[in-house]
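Note sheet for the following structure.
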């Protein structure tokens, strides 16, 4: 006769195991579709969210004039310190420009001495005068001085060079005339198309010409037509800064940077802060 | 105090005797083929199948049914020694005991058999032939060539491939009867007939098809395994009948006991 009591205990264990394995299987079969459904919904949600966020970012970028209204830039006193959102490895702290005064002085004196030298060499091609002008800055070797004949040749060369320079000047005049034509052409084009591209090109042209108030005006127009374009913001801010409205320019750029996180904008902020524009 | 379950379990003790034989559709069919093959001029008949498929039972049944009408001899256990095998053949044919310290000369036995041609037809039933040596099988072949002695041999299915492959067997085995495990229907008949035959009709009636299906699943319909399984089941029943009778019912065959027996025999792993 088998040990039935022990066998019965073994049977109970077997039964419990069997029930658990059946339950585990059932649970697995229930959870499997649930899990699949959950992960699918999560995926869809994530996808929708990212698409929505992208849209929102683009929506939130308001044109400059609105930014100026909401931020009340005109009333704000000059900024002492602007807190920018911190990003890893990126610093928007103001950079203090360091200028080597000695170097600057040396440069200036060099330029002056060169100018003097040129003037002297045009009027008089005397070796002693040349020697005087250079002896202050450069310790030249004696063998490097020009002979009388060479100086005569140089004089001829200088005359020729002056003629070349004159011809260049003429060319420059021609270029300015073409740039005026360019602005007119683009203006006409803008009137007919009303596209932000043309407005931006005009702003760039005016900026290059040094007409910063006009550049600001056209950048604003371009921005009204397309507020998501980095270039219109940058050009507007640069023009402002050039017109001496540094704080306004910074305020606008910072508010735009908060939304766009554009590296170009960040670089310009730093440049304006450093006074390197 | 005697238990009815003790009596039932003893029905399933694995023995080869004529009373244990249960007539089923498959066994009856095989039996008829076997009997008809004896009337044909065949030298050898091969009965093969897996262990526990009823080969020995069929040979035993054949022997008991025909021993009065034919000259038939049954070697239920394999005789591994050649000397002993020849002595048994000699004693069966001659009806005389071999004197002590004497041995049978095989050539003399062959000549004796050849002289009996047309006069006698002797049938030898050899069980578990896979255990016989090749030399002995060769002698069996030579004796069957005399057409006086006819051999009905049983082989395990796993072994037969090797044996049948040999040339001397290929040409001599004329009839092959394959025995296989019972299907669910046959197994149900087997269990019920066995119990009813021994007067346990009420217990036979509580074993339903689903119980037989479960038994068949565990034993694959092998008769030897089924006997062992049912023996264990009724052994557990006996224990509960004696010690905790409230745990068993006369009206329903216990699934718990079926599983306990399966655990006991290693069909299930706890």
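Protein chains in written order, with the numbering used here: chain A, 1 to 277; chain B, 278 to 547.
Using N, Cα and C, we set each Cβ at its ideal position, and we do this for glycine too.
TODO: Return the CA-CA distance between residue 307 of chain B and residue 380 of chain B, expressed in angstroms with no decimal places.
DONE: Approximately 38 angstroms, taken between the alpha carbons.
Open item on the list: Tell me whether the stretch 466 to 473 of chain B and the stretch 310 to 330 of chain B touch, counting them as touching only if at least three CB pairs, one residue from each stretch, are closer than 8 angstroms.
Closed with: Judged by pairs of C-beta atoms under 8 angstroms, the stretch 466 to 473 of chain B does not touch the stretch 310 to 330 of chain B, as fewer than three such pairs exist.
Task: Nearest to residue 462 of chain B (by Cα), restricted to the options B:417, B:537, B:492 - done: Residue B:492 is the option with its Cα nearest to residue 462 of chain B.
Task: Stretch-stretch touch, CB-based, cutoff 8 angstroms, three pairs: the stretch 474 to 486 of chain B with the stretch 347 to 366 of chain B - done: No, the stretch 474 to 486 of chain B does not touch the stretch 347 to 366 of chain B.
Open item on the list: Only counting the same chain, and skipping five residues up and downstream in sequence, which positions put a Cβ closer than 7 angstroms to that of residue 295 of chain B?
Closed with: Excluding positions up to five away in sequence, the list reads 337, 338, 341.
Open item on the list: Measuring only from the beta carbon, is residue 398 of chain B closer than 7 angstroms to any heavy atom that is part of the ligand FAD?
Closed with: For the ligand FAD, the structure offers nothing, since it holds no ligand at all.
TODO: Would you tell me roughly how many angstroms separate the C-alpha atoms of residue 541 of chain B and residue 532 of chain B, rounded to the nearest one?
DONE: Rounded to the nearest angstrom, the two C-alpha atoms are 14 angstroms apart.
Task: Burial state of residue 476 of chain B (16 or more Cβ within 10 Å) - done: Under this definition residue 476 of chain B is an exposed residue.
TODO: Report the neighbours of residue 7 of chain A on chain B: residues whose CB is nearer than 8 angstroms to its CB, in chain order.
DONE: Those are 513, 537, 540, 541, listed as they occur along chain B.
Task: Neighbour list for residue 4 of chain A in chain B, Cβ cutoff strictly below 7 angstroms - done: Listed along chain B, the residues sitting closer than 7 angstroms to residue 4 of chain A by beta-carbon distance are 513, 516.
Open item on the list: At the 8 angstroms Cβ level, is residue 14 of chain A part of the contact set with chain B, yes or no?
Closed with: At least one chain B Cβ lies under 8 angstroms of residue 14 of chain A.
Open item on the list: Run through chain A and tell me which residues come within less than 9 angstroms of residue 507 of chain B, C-beta to C-beta.
Closed with: Under the 9 angstroms cutoff, chain A gives no residues; its nearest Cβ is about 14 angstroms from residue 507 of chain B.
Open item on the list: In the DSSP output, what is residue 431 of chain B paired with across the bridge?
Closed with: Per DSSP, B:324.
Open item on the list: Measuring straight from C-alpha to C-alpha, what distance separates residue 194 of chain A and residue 45 of chain A?
Closed with: Between the alpha carbons of residue 194 of chain A and residue 45 of chain A lies a gap of roughly 39 angstroms.
TODO: Answer with yes or no whether the minimum CB distance from residue 251 of chain B to chain A is below 8 angstroms.
DONE: Nothing can be reported for residue 251 of chain B: it is not among the residues displayed for chain B, which extend from 278 to 547.
- [ ] Have a look at B:509, B:452, B:480 and flag the residue whose alpha-carbon is nearest the alpha-carbon of residue 313 of chain B.
- [x] When only C-alpha atoms are compared, the closest one is B:452.
Task: Any C-beta of chain B under 8 angstroms from that of residue 47 of chain A - done: It does not: the Cβ of residue 47 of chain A has no partner Cβ on chain B nearer than 8 angstroms.
Task: residue 402 of chain B versus residue 459 of chain B: straight-line alpha-carbon distance, rounded - done: Rounded to the nearest angstrom, the gap between the Cα atoms of residue 402 of chain B and residue 459 of chain B is 23 angstroms.
TODO: Just grab the DSSP bridge partners of residue 561 of chain B for me.
DONE: Absent from the structure is residue 561 of chain B, since the part of chain B shown begins at 278 and ends at 547.
TODO: Using a Cβ-Cβ cut-off of 8 angstroms, state whether residue 476 of chain B counts as contacting chain A.
DONE: No, residue 476 of chain B does not count as interfacial toward chain A.
- [ ] Assign residue 334 of chain B to one of two classes, buried (16 or more other C-beta atoms within 10 Å of its C-beta) or exposed (fewer than that).
- [x] It counts as buried.
Open item on the list: Quick check: residue 243 of chain A and residue 212 of chain A, are their CB atoms within less than 8 angstroms of each other?
Closed with: Yes; because the gap between Cβ atoms is below 8 angstroms, this pair is in contact.
TODO: Would you grab the beta carbon distance between residue 518 of chain B and residue 362 of chain B for me? Rounded to a whole angstrom, and I think it's under 8 angstroms.
DONE: Actually they are not in contact, since the Cβ atoms of residue 518 of chain B and residue 362 of chain B sit about 48 angstroms apart, beyond 8 angstroms.
Task: residue 489 of chain B, DSSP secondary structure in three states - done: Reduced to three states, the DSSP call for residue 489 of chain B is helix.
Task: Start-to-end residues for the alpha helix (DSSP H) that takes in residue 272 of chain A - done: Residues 263 to 274.
- [ ] Please compile the residues from chain A whose C-beta is within a distance smaller than 8 angstroms of the C-beta of residue 545 of chain B.
- [x] Chain A residues near residue 545 of chain B: 14.
Task: Whole-Å CB distance - residue 310 of chain B paired with residue 454 of chain B, under 8 angstroms assumed - done: With 8 angstroms as the limit, residue 310 of chain B and residue 454 of chain B qualify as a contact, their Cβ atoms being about 6 angstroms apart.
Open item on the list: According to DSSP, simplified to helix, strand and coil, what is residue 454 of chain B?
Closed with: If DSSP states are grouped into helix, strand and coil, residue 454 of chain B belongs with the strands.
Task: Proximity to residue 301 of chain B [Cα-Cα], best of B:330, B:326, B:316 - done: Of B:330, B:326, B:316, the smallest CA-CA separation from residue 301 of chain B is found for B:330.
Open item on the list: Between A:253, A:47, A:261, A:215, which has its C-alpha nearest residue 272 of chain A's C-alpha?
Closed with: In terms of Cα proximity to residue 272 of chain A, the closest of A:253, A:47, A:261, A:215 is A:253.
Open item on the list: DSSP three-state label for residue 33 of chain A, please.
Closed with: Annotated three-state conformation of residue 33 of chain A is helix, per DSSP.
Task: CA-to-CA distance, residue 378 of chain B to residue 510 of chain B, given in whole angstroms - done: If I take the Cα positions, the gap works out to 51 angstroms.
TODO: In angstroms with no decimal places, state the Cα-to-Cα distance between residue 36 of chain A and residue 43 of chain A.
DONE: The straight-line gap from Cα to Cα measures roughly 11 angstroms.
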